[in-house]
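Participant: The structure's right below; bear with me while I get my questions together.
Given below as structure tokens:
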């Protein structure tokens, strides 16, 4: 499936960014309407893969009688083209984030991951077409990778993984990748923040968490269920709109019942901690 996204939000991208060179030559990658809207073509392919296995072996039963199965499911929004931008670094970075043992390309990486389901270290895996209708213990490993936000200068992907290995409940984690379309690089925490900014960022995160939960002290935040002594500056961070978003997965700063936690801080509140490169992105982005 090929998707095309056309929006005024990216107007000027092909003029202002490093991936704009051919747009001025009038090629097919950019067209301008009479209203001045620049159409920036994005081509992505939705790739899915499902694998189902019967777990075999002496201990491949649950509660002495229930058979055990394992399911792998993947859905990937894979970038093929973003204007004339060089997205090789984006593709390589996504592969590294999505897979523990990536292959040379996305298709081979998905197939390799599909051959290593949850429980593969415990059981012999026999591929089957579908799960049985009767009761069964089903191990699960799901992965979804997709765009969550974008601007004229960057795009953000979320890689969400959900695993169930027979415990009380499954566990879902998200990781984020911000890609600088202008410079062809990943904007990680090292690019985003100045050195020695940790203390100021931690103070801002705690302050925002208290405000979000309607309290004014860390003790009150503890009463809400948070682990105030475990709050840290997450490097699982991304840009969205005018905000810097710090993401915390379940159990990192709060119990499982709280789910994941996003601490969203307007960039101007931590501008002294942001690098000039990131400040420039915020200051030149129109929303």
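Numbering (mature numbering (1 follows the signal peptide of the UniProt record, and there is no 0)), first residue to last: -25 to -1, 1 to 262.
Glycine is no exception: its CB is placed at the ideal position from the N, C-alpha and C atoms.
1. Could you say which of 205, 126, 148 lies nearest to residue 216 if we only look at CA atoms?
2. Mark residue 155 as exposed unless 16 or more other C-beta atoms lie within 10 angstroms of its C-beta, in which case mark it buried.
3. The alpha helix (DSSP H) that contains residue 255, what's its start and end?
4. Which residue marks the beginning of the beta strand (DSSP E) containing residue 26, and which one marks its end?
5. Mind the definition here: the stretch 208 to 215 touches the stretch 163 to 176 only if three or more C-beta pairs lie below 8 Å; say whether that holds.
6. Which class does residue 152 belong to by DSSP, given the choice of helix, strand or coil?
7. Do the CB positions of residue 208 and residue 254 come within less than 8 Å of each other?
8. As a quick exercise: from 239, 225, 130, pick the residue whose alpha carbon is nearest that of residue 183.
9. So, are the CB atoms of residue 93 and residue 138 less than 8 Å apart?
10. Terminal residues of the continuous alpha helix (DSSP H) containing residue 248?
11. Do you know offhand how far residue 23's Cα is from residue 189's?
12. Is the beta carbon of residue 140 sitting closer than 8 Å to the one on residue 27?
13. From residue 226 to residue 234, what does the alpha carbon distance come to, in whole angstroms?
Facilitator: Walking through what the data contain:
1. Within the chain shown, the letter at position 241 stands for residue 216. Measuring from the Cα of residue 216, the nearest candidate turns out to be 126.
2. Along the chain shown, read from residue 1 onward, the residue named residue 155 stands at position 180. Its Cβ being crowded by 16 or more others within 10 Å, residue 155 is buried.
3. Reading the chain shown from its first residue, position 280 is the one you call residue 255. From DSSP, the alpha helix (DSSP H) with residue 255 extends over 251 to 258.
4. To locate residue 26, count along the chain shown from 1; it is residue 51. Looking at the DSSP string, the run of the beta strand (DSSP E) that includes residue 26 is 17 to 31.
5. yes
6. As a position in the chain shown, residue 152 is number 177, starting the count at 1. Strand at residue 152.
7. The residue labelled residue 208 in the question sits at position 233 within the chain shown. The residue labelled residue 254 in the question sits at position 279 within the chain shown. The answer is no: Cβ separation not under 8 Å.
8. If you number the chain shown from 1, residue 183 lands on position 208. Of the candidates 239, 225, 130, the one whose C-alpha sits nearest the C-alpha of residue 183 is 239.
9. Locating residue 93 in the chain shown gives position 118, where the first residue counts as 1. Locating residue 138 in the chain shown gives position 163, where the first residue counts as 1. In contact: residue 93 and residue 138 (Cβ atoms closer than 8 Å).
10. The residue you call residue 248 lines up with position 273 of the chain shown. Note, residue 248: premise wrong, no alpha helix (DSSP H); not H, not E.
11. Indexing the chain shown from 1 puts residue 23 at position 48. Indexing the chain shown from 1 puts residue 189 at position 214. If I take the Cα positions, the gap works out to 41 Å.
12. One-based indexing of the chain shown puts residue 140 at position 165. One-based indexing of the chain shown puts residue 27 at position 52. For residue 140 and residue 27, no; Cβs fall outside 8 Å.
13. As a working note, residue 226 is residue 251 in the chain shown. As a working note, residue 234 is residue 259 in the chain shown. C-alpha separation (whole angstroms): 8 Å.
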